[in-house]
Amino acid sequence: MTVETVAVDLPGRAYEVRIGPGLVASAGAEIAPLLRRPRVAIVTEDTVAGLHLAVLQDALSAEGIDSFALSLPPGEGTKGWPQFTLAVEWLLDRQVERGDIVVALGGGVIGDLVGFAAAVVRRGVRFVQVPTSLLAQVDSSVGGKTGINAPQGKNLIGAFHQPSLVLADTGLLATMPERDFLSGYGEVVKYGLLGDADFFAWLEANGPRLRDDPAALIHAVRRSVQMKAAIVMRDETEQGDRALLNLGHTFCHALEAATGYSNRLLHGEGVAIGCALAFEASARLGLCSQEEPSRVREHLAAMGMKTDLSDIPGELPGAAALVDLMGQDKKVVDGQLRFIMARGIGQAFVTTDVPREVVLQVLEDAA
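With the sequence shown counted from 1, adding 64 to any position gets you the working numbering.
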């Protein structure tokens, strides 16, 4: 099966996203042209290391490239100061130089943390993303957003630092648990909802068979990456259009904070619920017809995904407390919340003109 390539054409920082099966097994040949000396540092996490680290290191060895690896604990809890400090000091102990490459082998947590570490070690070393989850392949590995969480909220500490290469090996997704795969699918759906109604219609027809159809999976990943790359090329540091990628995220980040960034709610699950809530709020504001949020929810339900606050296990704070949590979001400008609303499927836009009472009512009705 052919490997697809999406170019992220940023002046002076251009790179390719390679998409298809078998890319980890050929990673040595993919990474070798980037190297100034034949050695790389790999940072991964324990679950991923058990599945894929040996294949990656063998691929590097086959091209005469030495590698050494650090494995961190899995889970969102890793994405904080303690493990970040450990990774940075480990890279310095291994005498990683500016001309070297650091490889992030893992899902979104590892990609974000390692990218941020690469951004600050010696004021910036190059890194390669090898995303092992659907969510990381379609979203977090592309575009250069790196960072860690703070007690005050998610992703509040970080830097923009573009990778030198992304190797999205779709063959790795076969090892993903169903819930994690569907969490990543929440970000795939988001791309159709924010800017490509035809892609959303394609997902309605093909989403349920993505795990069994390698060609369909490559198409879904490629289209998601193409859409993200196009937006990043227009607005790398989120001064305007890039905020569209946060469709569903203002609701999502409040729900993640309310559930303690725990296994109660995975990021992509929160994005999916957030998209449904954003479309519901859009309909109540008269921006789109009521059929649109119904269609969003119907597709999420058909995929076996969460669609409402009531689908999240355990107690949640009240609507007013959730709105207060939104105030810590990075999308706040001059104290005003920026929401991504929609005039229809594929027609998202950024606005601060969303009355608090509408948001409260949508949250109360979804509980």
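Note that CB positions come from ideal geometry on N, CA and C, so glycine has one too.
What three-state label does DSSP hand residue i in the structure shown?
i      : result
Gly334 : helix
Ile295 : helix
Leu136 : strand
Ile404 : strand
Lys254 : helix
Gly141 : helix
Asn219 : strand
Pro357 : helix
Thr239 : helix
Ala214 : strand
Arg101 : coil
Arg77  : coil
Thr415 : strand
Pro272 : helix
Arg190 : strand
Glu127 : coil
Glu94  : helix
Gln147 : helix
By a C-beta neighbour count over all protein chains shown, 10 Å radius and 16 as the cutoff for buried, is residue i buried or exposed?
i      : result
Glu452 : Because the chain spans 65 through 431 in this model, residue 452 falls outside it and cannot be assessed.
Asn327 : exposed
Gln121 : buried
Gly248 : buried
Ala340 : buried
Gln290 : buried
Thr436 : With the chain running from 65 to 431 in the structure shown, residue 436 is simply not present.
Arg306 : buried
Ser125 : exposed
Gly368 : exposed
Glu320 : buried
Gly332 : buried
If we cut at 7 angstroms on Cβ distances, does residue i have a partner in chain B?
i      : result
Pro137 : Protein chains in the displayed structure number just one, and chain B is not present.
Could you please give me the residues that DSSP links to residue i through a beta bridge?
i      : result
Lys209 : Phe224
Ala232 : Ile83
Ala118 : Bridge partners of Ala118: none, in fact.
Val107 : Leu134, Ala168
Val70  : Val81
Pro195 : Gly170
Looking at residue i: is its Cβ nearer than 7 angstroms to the Cβ of residue j?
i      : j      : result
Glu140 : Ala96  : no
Ala200 : Gly175 : yes
Ser131 : Ile165 : no
Gly179 : His116 : no
Ser346 : Ala406 : yes
Val72  : Tyr79  : yes
Ala223 : Ala182 : no
Glu355 : Val426 : no
Ala168 : Gln193 : yes
Val189 : Lys143 : no
Ala123 : Gly92  : yes
Pro138 : Asp157 : no
Cys352 : Gly408 : yes
Ala89  : Val112 : no
Met430 : Asp375 : Looking at the sequence provided, one finds Ala at residue 430 rather than Met. Not a contact, by the Cβ cut-off of 7 angstroms.
His363 : Glu268 : yes
Ile83  : Pro102 : no
Leu237 : Leu198 : yes
Ala284 : Leu274 : yes
Leu308 : Ala412 : yes
Given 8 angstroms, three or more beta-carbon pairs between the segment 222-242 and the segment 199-210: Between the segment 222-242 and the segment 199-210 there are three or more C-beta pairs closer than 8 angstroms, enough to call the two in contact.
Contact between the segment 377-393 and the segment 410-427 (3+ Cβ pairs under 8 angstroms): The segment 377-393, when compared against the segment 410-427, does touch it at the 8 angstroms Cβ threshold.
The segment 308-316 touching the segment 253-261, judged by at least three CB pairs closer than 8 angstroms: A contact exists between the segment 308-316 and the segment 253-261.
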